[in-house]
Every structure is written in C-alpha cells, then in structure tokens.
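Chemist: Mind looking over this structure? Questions follow.
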Amino acid sequence: MSTTIVAIATATGVSSISIIRVSGSLSLTLAKKISKIDTITPRYAHLTSLYNHENHLIDHAILIYFKNPHSFTGEDIVEFQCHGGMIVAQEILETLIFHGAVLAQPGEFSKRAFLNGKIDLTKAEAIAKLIEAKSVDGAKILAKQLKGNLKEFIDESREAMLRATAYSEVMIDYAEEDIPTDIVENILKQLDELILKIENIVDASHRRKGLIEGFRVAIIGKPNVGKSSLLNGLLSYDRAIVSDIAGTTRDTIEEQVRIGSHIIRLIDTAGIRDARDSIEKIGVERSLESIEDADVVIALFDGSRGFDDEDSRILEILKKIENKEIIVAINKADLEQVLDDTKLKEYGSIYVTHTHNFKNLTTKLQRLFDNIGQDEELMLISTRQIEAVESAKKAILEAKEPLKLGELEFFSYHLQDAISALSSISKPYDSEEILDKMFGEFCLGK
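When we follow our numbering, the leftmost residue of the sequence shown carries the number 1171, and every step to the right adds one.
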C-alpha cells in the first residue's frame, strides 16, 4: 500500500458534481501541487482553482483533506469536488496520475480501509451491496450491517465456542479433578441454540435476498393468455410483441419495474404447451427454467376461455413448485367470464385486465415484498457469508458426537474449524488472492 491511488468516485455521465478521490502518502502533496495552496486545513472545504501539469486552469472546485488515520481508508485522503461531466473530472484524474498517483483498482479504497482496520469484511460487503440495493428495506438491512449487527452476532457466537473449547481443554488437563457433571449438557445446549440460530439466519437470507438483489417475478401460462400484454401494462410501454397468434413469444423477456419501494425483475415467458417446432420447444424449456429461478410466480389464466388441457398442465406445474410464492391471476376480467375457476380456489385467484385494471395484482406483490422486508431476522448478504456459516454449522454438528462420547480432543478439533469458518466472515483471510477477488467486485472509486 505504498502507492497513492486515485479514481473518479461518481458514476459516469452528466451531473452537477463529480468527485475525484485520492488516497495514500502523496495525497496532500498532490493536492498542493495542482491547487497551488500552501496550507490545507484538514476537514475544511477549500474553494480553489485546479491546474493541469502545463499550468492551465482546469476548474474551480472544492478540495477537502482528511488526515490519517481519520479517514475512510486510514490513510491521507483528498477529495476534489468539481463540476460534473467526464471531461473536467477526467482531466483532474490524468493530472494527478501525471504527478505520481496510480489509477485505483475496483474496490481498492475499501480494501485499504479493511487492511488498515477501519472496517471489517461484514462492513466492506455491506458497502458494496448498499450501492446495488433494489429496495428501501434492503438498504435498511445493509445500513444495520454497517453499524455492526452481523459482526456482533459473529463475535458473540465465536466467544461462545471459545468458552466451550476452553471448558474442553480444562476437562482434558484436569480429568481426575472434580468437574461439574452438567458441563457437557450445558455445552451441548449452547451448541444446539447456535445451530438453530444459524439455520434461521440462512433461511431468512435465502428468503430475503430479493430485497438486495431484486425479486424475480416470472409470468407463466399457456399461449395467448395475455402474459406479454400484462408485462407491457406493468411497464407502461410496449416492451413485448403482442398478437392474437399463439406462440408469439418464443423467448423469455426480462425488464425491471418499481413496485412500491422495491425494484423487481419481471420475466415474460413463452407459452407453455406441447411445442410445435424446435424453436418453440427451447422457449418452453426456458420458461420452465425461469420458474426455477423466480422468487414469485404469477400464473395467468384466460377468464374468457374454458379450462382446458393446457391450463391443467399449468396447474400441475404449480403443484410441484416448492418454497416460492404463487399468485394466480385470471386475465380478461372485462370480458364475459367462461373459465371455471373452482380448480384454482386454493391459490386465492385475483382478476385482472392487462389494459387498465391490474392494481390488485401490484398491491398484492407490494404487500408480499413488504412483509418479507419486515422480517427482523439477521441476514447474510453474500454467498460467501452463507457458505461460511453453513461450514460452521457442519463443524459444530461434527463436534457434538465426540463430546457425547468424551472424546474431547476431537471435539476441540471440530469446534476450532467452526470458529475459523465463522470468523472468516469478519476477520482477514490468509490469502491475498481471495481478498483481491472479493474487493475486485466493487465499483471503481469505492
């Protein structure tokens, strides 16, 4: 970390302000060089002119200096707030690089903050996910992680396992001494409580990941039932081709739309039926794959037509779906209703018209997502975190049997594995390569 890094920290495009961030030992020197200010006060906004290496004026900008260790990275940091647009920001960036700074890699600012002890891995990952959050509830969850609630759970669980390991070591070293007979039972009870807590957290994390990544909602049904028309209606523009010809949609179409405080991904699928040709067959297969990947499935039925074999096939598919929310919607409610919906009663059917009356559908989706967001269970926000706690759970389960049999050395061995797995969520990895991979997924300038 001897180099001084620089990056544009704001998104590409036209805006009122762009921010260029510099971190490292040369930050203050570079700031003085391009601003021609001799004395720069920490945490004070300096309005100043900035000059390139040929001494030509670039812009009038705000310069703020954060002296180490009181900065995000723990190093000297300087931020330049210039007028928006890529030309000015890019020229400031190139000038700083000319004078000795190095272009930062994605996530390098956060990586330095982590290595300098300013944040742990839970906070680092929360920062990355907060930028991409697809709902207000997701942002709230990530804000809690920035305050340290996940780290608190990790630390408390680690402390409990360390105490259990210490009791085990005492029993090994003083096997002939008087040791409370209920100590094993107490340790087993604590481990069972921890296993239950881990299971609840993992379950909640899978259930709520759409709050951060965006819920995937697949619209399925037989051909010509109105799936593409419903998609267009929800998007408020004609995204999908609509016609009276069955099988018009041959492939899945995905678009984002905001419902309430949630950004969701709507997936319009090809009509599910016995395919007439190889291309349609591929479309049907992709429709079935979309069901597997979706968080919510909207099964659309045509209220103006009778219940037929193709509808029966959709119903059979719904009965096989597990651990997903299912909404059955009967379309074309403005036409004469012919469909016998008795077979759909268990799903609590709602009636819609794709042209102007699908408010009850969006309301149901919003309530569904809001209810998921109200779950107060702690949440893991990445695959890495989920794998770590599941590894810890496996090691705890492996430790229980030796404890019951009095094989304390094996118990301690497995519990140490559990401690290591759980600690990896917030503590440093030994591998620099793994750190590079994780922080490399951050955006530039973060």
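Built from N, CA and C at the ideal position, the CB exists for glycine as well.
#1: Closer than 7 Å by C-beta to I1415: which residues in its own chain qualify, once you throw out the five before and the five after it? Chain order, please.
#2: Identify the residues that DSSP records as bridge partners of V1427: which are they?
#3: For S1219, name the three-state secondary structure that DSSP assigns.
#4: Could you give the first and the last residue of the continuous alpha helix (DSSP H) run that contains V1258?
#5: From which residue to which residue does the beta strand (DSSP E) around N1238 run?
#6: Out of G1430, I1437 and L1358, point me to the one whose CA is closest to E1424's CA.
#7: Would DSSP call P1212 helix, strand or coil?
#8: Take I1520 and list the residues in its own chain whose beta-carbon comes closer than 8 Å to its own, dropping the five residues that flank it on each side.
#9: Indicate the three-state DSSP secondary structure (helix, strand or coil) for F1471 in the structure shown.
#10: Three or more beta-carbon pairs under 8 Å between the stretch 1370–1384 and the stretch 1307–1315, yes or no?
#11: Shortest alpha-carbon distance to A1201 belongs to which of I1301, F1323 and I1232?
#12: For the putative contact between L1509 and F1471, defined by C-beta atoms under 8 Å, what is the C-beta separation to the nearest angstrom?
#13: Classify Y1214 as buried or exposed, calling it buried when 16 or more other Cβ atoms lie within 10 Å of its own Cβ.
#14: Find the nearest neighbour of I1468 within the set A1330, I1297, K1397 and K1314, judged by alpha-carbon distance.
#15: Rounding to the nearest angstrom, what Cα-Cα distance links Y1599 and L1485 in this structure?
#16: With a 10 Å radius around its C-beta and 16 neighbouring C-beta atoms as the bar for buried, classify S1552 as buried or exposed.
#17: Sorted by chain position, which residues of the same chain lie with C-beta nearer than 8 Å to S1188's C-beta, five sequence neighbours on each side aside?
#18: Give the list of continuous alpha helix (DSSP H) stretches no shorter than 4 residues that lie fully inside the stretch 1295–1357.
#19: Based on the DSSP output, what are the partners of I1190 in its beta bridges?
#20: Tell me, which residues are paired with T1532 by DSSP?
#21: Examine the ligand ZN and report whether any of its heavy atoms sits within less than 7 Å of the Cβ of I1267.
#22: According to DSSP, is T1439 part of a helix, a strand, or is it coil?
#23: Quick check: R1435 and R1475, are their CB atoms within less than 8 Å of each other?
#24: Beta carbon of Q1536, beta carbon of G1430: below 8 Å?
#25: Taking the straight line between their C-alpha atoms, what separation do you get for S1375 and E1369?
#26: My output table needs one value for E1245: the three-state DSSP class, helix, strand or coil.
#27: What whole-angstrom Cβ distance do S1197 and I1247 have, given they're in contact under 8 Å?
#28: Would you identify the three-state DSSP class for D1510, choosing helix, strand or coil?
Modeler: Let's see:
#1: Annotation note: pLDDT 41 at I1415 (below 50); position unreliable, coordinate value reported separately. Contacts found: none.
#2: I1434
#3: strand
#4: M1256 to F1268
#5: Element bounds for N1238: n/a, residue is neither H nor E.
#6: I1437
#7: strand
#8: I1497, V1498, A1499, I1500, N1530, L1531 and K1534
#9: strand
#10: yes
#11: I1232
#12: 6 Å
#13: exposed
#14: K1397
#15: Residue confidence for Y1599 is low, a pLDDT of 47 falling below 50, so the modelled location carries little weight and cannot support an answer.
#16: buried
#17: I1178, T1180, Q1251, C1252, H1253, G1254, G1255, M1256, V1258 and A1259
#18: 1306–1317 and 1319–1343
#19: I1178 and F1250
#20: For T1532, which the question treats as bridged, DSSP gives no partner whatsoever.
#21: Ligands in the displayed structure: none, and consequently the ligand ZN is not present.
#22: coil
#23: no
#24: yes
#25: 10 Å
#26: coil
#27: 6 Å
#28: coil
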